[in-house]
Structures are given as C-alpha cells and as structure tokens.
Amino acid sequence: MPIIDVHAHVGHWQFHLTTGDADTNLRQMDRYGIDLQLVSASEAVVHDAVAGNAALREQLAVRPRLYGYAVVNPNRPQESAADLRRCLDTGMFVGAKIHTHYPGRLPGSREMAEAFDVVAEAGVPLLLHTWGREVTLLPELLADRPGLRVIMGHAGGDAWREAAHAAAACDRLYLEHCRTATDAGRVAYAREAGVPVERMLFGTDATLIDPCVSLGVIRDARFTDGELERVLWRNAAELFGLTGPRPLPPSE
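Just so we're aligned, residue 74 is where the sequence shown starts under our numbering, counting upward by one.
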C-alpha cells in the first residue's frame, strides 16, 4: 500500500553524518517504498528559519514527491508569520514545524504560545518536536486554539506515556513515533490509553535515522491491514489534503 512519511528533513546536520542532500531522501524512499515525504530544512530547524525555508523551496521545486514544512521560530513570531505565509503561497508547503530545544522554548512559555498562534492563524497542521513531560500542557494549548491540529513528533520522546494520555484527551493531537530508541509497547500503550488509530501517523526522522527503524516499529505494533492503511498513508493524506506528487511546472 502507499506510504506517506510525515516527519523527515533535508540538509546537513551538526552530527557525524554523511547524508544531507534531498536526493538521499529520494533514494531512501525508493528503497523502502515511501511514496511521499514531508520535510523540513535542517538549517531552518537549528540555525536560521527564514534562510533554511528559502533553501528548501529550491529543493522542493524539482522534487514533487517531497512536501515542505515551514519552520517557525518561537523567538521571532512576526518574522515567522510572514515567512510561513510566503512558503504556503508556493503550494509546495503543507504545514509548519516547530522545534522546542534548539530555540530554547517549551510549551508553557509565552514565546511558544505566540508561535502556536502564528500556525493557528495560517490554518495548517503543526509538526511539533516533543521530548519531555511538557506534552501534558498541549491539550490546554489546543483548547484555546480550536482550529489547530498538532502532530507530536517522536510521540513525546522519553515521555511517550504522557504523550499518549495527552492525545487521548484532545482529538486534535496526533502521535508520530519515530525515535532512535524503539521502546517496546509504545504504540500498544497509546491504543490502550484511548488514542484511536485515526490519529496515528507514520514518520521516520529521515535522513537522521534510517526509515527501517520506524517501519520495524509499525511491524511490531501488529496493526490489521485496515489499520495499517490508516497509519501508513490515509490519515496523513486526509490531514494534509494530499493526493499524490505535485505536478512539476512546465519546462521552458
């Protein structure tokens, strides 16, 4: 069946990795049967949101299987609001991405609340890096922003139990379980906590992590065929309004 990866990146990192160019993403996608991938620019995540988003626009323009997240910097909400709109107007970006630890702003801070307002105003889904017990604050943040839908990237990281209960308490919170440490039972725990399969998404953290790790987590979750269809692609297609690769502009 089709696969849509909702959590990936384009660009080099400060870690000891040889990956980085967008063609690496496509090679991994071909290897594992991933049809579409939603990516943010590593430069935008760790250094300069506006410059990184601009560089990603150039990469997306010639790679229709990749869709973009525009990174929002909680420390510069006005600048990010204008840049998010600029990215969305291209038709190549379908959501926003906010990291918490690189900009040093966690849910509960004034800056993060302002960043949430920026994304809510734009009306697109948000992929939020989550890692820690601050995920317990998310249902309240979303209650004040009724149109905002948030994907908990890494499903809370080491706070995956708290993330499961947060998602069960709010029908606009989604879980995406990519992570280097594949703790056994994370998906089963979320289901037992009351998170429906309709709010579980597939992500890989490529190219930081090889997609085989997340595919193994999905395999071990023992979804039925109908549930796999939901998790691997249908939920993402409905959340982001995806129907397939973007058409390329006509060549001159």
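Virtual Cβ for every residue (Gly too), placed ideally from N, Cα, C.
Ranked by how close their Cα comes to the Cα of L221, the residues E194, Q101 and A228 have E194 in first place.
Taking A95 as reference, the option from P219, Y105, E249 and A134 with the minimal CA-CA separation is A134. DSSP places H80 in the uninterrupted beta strand (DSSP E) bounded by I77 to V83.
For G141, the uninterrupted beta strand (DSSP E) run begins and ends at L139 to V144, by DSSP.
For S113, the enclosing beta strand (DSSP E) starts and ends at L109 to A114. For M225, there is no enclosing alpha helix (DSSP H); the residue is found in the beta strand (DSSP E) stretching over V223 to G226. Membership of I171 in the beta strand (DSSP E) is indicated by the continuous run F166 to I171.
Under the 8 Å Cβ criterion, the region 306-323 does not count as touching the region 279-295, having fewer than three qualifying pairs.
Within the DSSP bridge table, the entry for A155 names no partner. Here A237 is not bridged, per DSSP, to any residue. The Cβ neighbour count for P318, taken over all protein chains shown within 10 Å, is under 16; the residue is labelled exposed. Exclusion of the five residues before and after T255 leaves V290 as the residues of its chain whose Cβ lies within less than 6 Å of its Cβ.
Residues M74 and I291 of the same chain have their beta carbon placed closer than 8 Å to that of L301, with the five preceding and five following residues left out of the count.
Within the same chain, Cβ atoms closer than 6 Å to the Cβ of G205 are found at A232, the five residues on either side in sequence being excluded.
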